[in-house]
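3 is the number of the first residue of the sequence shown in the working numbering; add one for each residue after it. Written out below as C-alpha coordinates is the structure these notes cover.
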Amino acid sequence: MRTSFNIPDAVVEEFDQVWQDEGLDNRSRAVREAMQEYIESHSRLEDLSEDVIALVAFDYRHHEVIEELHGVQHDYQDVILNTSHTHQGEWCLESLFCQGTGERVRELTYRLRDFDGVNRVKIMVIRDN
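If you want it as C-alpha coordinates, here you go:
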(Lines of atoms letter the chains of each structure in order from A and count residues from 1; the text may use other names and numbers.)
(Lines give C-alpha, C1' and ligand atoms only; values in the text may rest on other atoms or scores of the structure.)
Protein backbone atom coordinates (compact mmCIF):
# COMPACT_ATOMS: atom_id res chain seq x y z
CA MET A 1 0.00 0.00 0.00
CA ARG A 2 1.27 3.46 -0.85
CA THR A 3 0.38 6.42 1.31
CA SER A 4 1.60 9.93 2.03
CA PHE A 5 2.07 11.98 5.18
CA ASN A 6 2.60 15.64 6.02
CA ILE A 7 5.69 15.69 8.22
CA PRO A 8 7.94 18.66 8.99
CA ASP A 9 11.19 18.57 6.99
CA ALA A 10 13.33 18.64 10.12
CA VAL A 11 11.63 15.52 11.48
CA VAL A 12 12.10 13.67 8.17
CA GLU A 13 15.76 14.70 8.02
CA GLU A 14 16.40 13.46 11.55
CA PHE A 15 14.45 10.24 10.91
CA ASP A 16 16.45 9.60 7.74
CA GLN A 17 19.71 10.14 9.59
CA VAL A 18 18.71 7.67 12.32
CA TRP A 19 17.64 4.82 10.04
CA GLN A 20 20.69 5.31 7.84
CA ASP A 21 23.00 5.29 10.88
CA GLU A 22 21.36 2.03 11.97
CA GLY A 23 22.05 0.48 8.58
CA LEU A 24 18.48 -0.10 7.46
CA ASP A 25 17.94 -0.58 3.74
CA ASN A 26 15.42 2.20 3.11
CA ARG A 27 12.95 4.66 4.60
CA SER A 28 9.97 2.36 3.99
CA ARG A 29 11.49 -0.34 6.16
CA ALA A 30 12.26 2.20 8.88
CA VAL A 31 8.68 3.52 8.77
CA ARG A 32 7.28 -0.03 8.99
CA GLU A 33 9.44 -0.74 12.05
CA ALA A 34 8.48 2.56 13.68
CA MET A 35 4.79 1.86 13.07
CA GLN A 36 5.13 -1.64 14.52
CA GLU A 37 6.78 -0.25 17.65
CA TYR A 38 3.95 2.29 17.97
CA ILE A 39 1.33 -0.46 17.67
CA GLU A 40 3.12 -2.65 20.22
CA SER A 41 3.52 0.12 22.79
CA HIS A 42 -0.07 1.32 22.46
CA SER A 43 -1.52 -2.18 22.44
CA ARG A 44 0.34 -2.87 25.66
CA LEU A 45 -1.10 0.32 27.12
CA GLU A 46 -4.61 -0.77 26.17
CA ASP A 47 -4.03 -4.18 27.77
CA LEU A 48 -3.25 -2.74 31.21
CA SER A 49 -6.00 -3.85 33.55
CA GLU A 50 -4.53 -4.68 36.95
CA ASP A 51 -2.48 -2.49 39.26
CA VAL A 52 0.75 -1.24 37.74
CA ILE A 53 3.86 0.69 38.62
CA ALA A 54 4.86 2.95 35.75
CA LEU A 55 6.99 5.89 34.79
CA VAL A 56 5.32 8.48 32.56
CA ALA A 57 7.70 10.98 30.98
CA PHE A 58 6.81 13.94 28.79
CA ASP A 59 8.30 17.12 27.40
CA TYR A 60 6.44 20.35 26.87
CA ARG A 61 6.68 24.08 26.32
CA HIS A 62 6.37 25.45 29.83
CA HIS A 63 4.66 28.74 29.03
CA GLU A 64 1.97 27.13 26.85
CA VAL A 65 0.52 24.48 29.15
CA ILE A 66 1.88 24.63 32.70
CA GLU A 67 -1.39 25.59 34.42
CA GLU A 68 -3.41 22.96 32.57
CA LEU A 69 -0.77 20.29 33.24
CA HIS A 70 -0.85 21.05 36.95
CA GLY A 71 -4.62 20.61 36.83
CA VAL A 72 -4.28 17.19 35.21
CA GLN A 73 -1.67 16.15 37.75
CA HIS A 74 -4.00 17.14 40.58
CA ASP A 75 -6.81 15.14 38.94
CA TYR A 76 -4.57 12.06 39.04
CA GLN A 77 -2.93 12.50 42.43
CA ASP A 78 -4.43 9.12 43.39
CA VAL A 79 -1.89 7.42 41.07
CA ILE A 80 1.00 9.93 40.90
CA LEU A 81 3.39 9.18 43.76
CA ASN A 82 6.27 11.45 42.79
CA THR A 83 7.26 13.92 40.09
CA SER A 84 10.56 15.19 38.75
CA HIS A 85 10.96 18.31 36.64
CA THR A 86 13.84 19.90 34.77
CA HIS A 87 14.13 22.91 32.46
CA GLN A 88 15.80 22.72 29.05
CA GLY A 89 15.49 26.20 27.59
CA GLU A 90 11.86 26.86 26.70
CA TRP A 91 11.16 23.13 27.02
CA CYS A 92 10.60 21.20 30.22
CA LEU A 93 10.99 17.50 30.89
CA GLU A 94 8.76 15.97 33.53
CA SER A 95 8.56 12.45 34.88
CA LEU A 96 5.72 11.02 36.94
CA PHE A 97 6.24 7.91 39.04
CA CYS A 98 2.83 6.23 39.18
CA GLN A 99 1.19 3.36 41.00
CA GLY A 100 -2.44 2.39 40.59
CA THR A 101 -4.86 0.75 38.25
CA GLY A 102 -3.78 0.35 34.66
CA GLU A 103 -6.91 2.17 33.61
CA ARG A 104 -6.05 5.30 35.63
CA VAL A 105 -2.44 5.37 34.43
CA ARG A 106 -3.63 4.93 30.84
CA GLU A 107 -6.17 7.76 31.24
CA LEU A 108 -3.45 10.02 32.65
CA THR A 109 -1.18 9.23 29.70
CA TYR A 110 -3.92 10.03 27.20
CA ARG A 111 -4.85 13.28 28.98
CA LEU A 112 -1.23 14.44 28.77
CA ARG A 113 -1.20 13.69 25.03
CA ASP A 114 -4.20 15.97 24.50
CA PHE A 115 -2.17 19.17 24.87
CA ASP A 116 -0.68 20.83 21.77
CA GLY A 117 2.18 22.18 23.90
CA VAL A 118 3.18 18.66 24.94
CA ASN A 119 5.63 17.18 22.46
CA ARG A 120 5.94 13.54 23.51
CA VAL A 121 4.52 11.32 26.22
CA LYS A 122 6.24 8.01 26.94
CA ILE A 123 5.23 5.35 29.41
CA MET A 124 7.36 2.59 30.82
CA VAL A 125 5.47 -0.08 32.73
CA ILE A 126 7.79 -1.36 35.41
CA ARG A 127 5.44 -4.02 36.68
CA ASP A 128 2.00 -5.23 35.87
CA ASN A 129 0.15 -8.17 37.43
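Where a beta carbon is used, it is the ideal one built from N, C-alpha and C, also for glycine. The structure displayed is predicted, hence computed values, not measured ones.
Beta-carbon proximity list for residue i, same chain, < 7 angstroms, skipping 5 on both sides
i    : result
F99  : L57, L83, N84
T103 : D53
N121 : D61, Y62
Where the alpha helix (DSSP H) through residue i begins and ends
i    : result
E105 : 104-115
Q132 : Not covered by the structure: residue 132. The range shown for the chain is 3 to 131.
E52  : Per DSSP, E52 belongs to no alpha helix (DSSP H) and is neither H nor E.
F7   : No alpha helix (DSSP H) contains F7, which DSSP labels as neither H nor E.
Residues sharing a beta bridge with residue i, DSSP
i    : result
R122 : D61
S97  : A59, S86
V127 : A56
Spatial neighbours of residue i in its chain, beta-carbon cut-off 6 angstroms, leaving aside the 5 residues before and after
i    : result
E66  : G119
Q101 : I55, L83
I125 : A56, V58, T111
V74  : R113
Residues near residue i in its chain [Cβ-Cβ closer than 8 angstroms; skip 5 each side]
i    : result
V123 : V58, A59, F60, T111, L114, R115
Q38  : none
The ligand HEM heavy atom lying under 8 angstroms from the CB of residue i
i    : result
E105 : This structure does not include the ligand HEM; it has no bound ligands of any sort.
Report task. For the segment 58-84, list the alpha helix (DSSP H) runs that are entirely contained and at least 4 residues long, ordered along the chain. Result -> 64-77
Requested in this report: Examine the Cβ distances between the segment 30-50 and the segment 87-101 and report whether three or more of them are shorter than 8 angstroms.
Outcome: no
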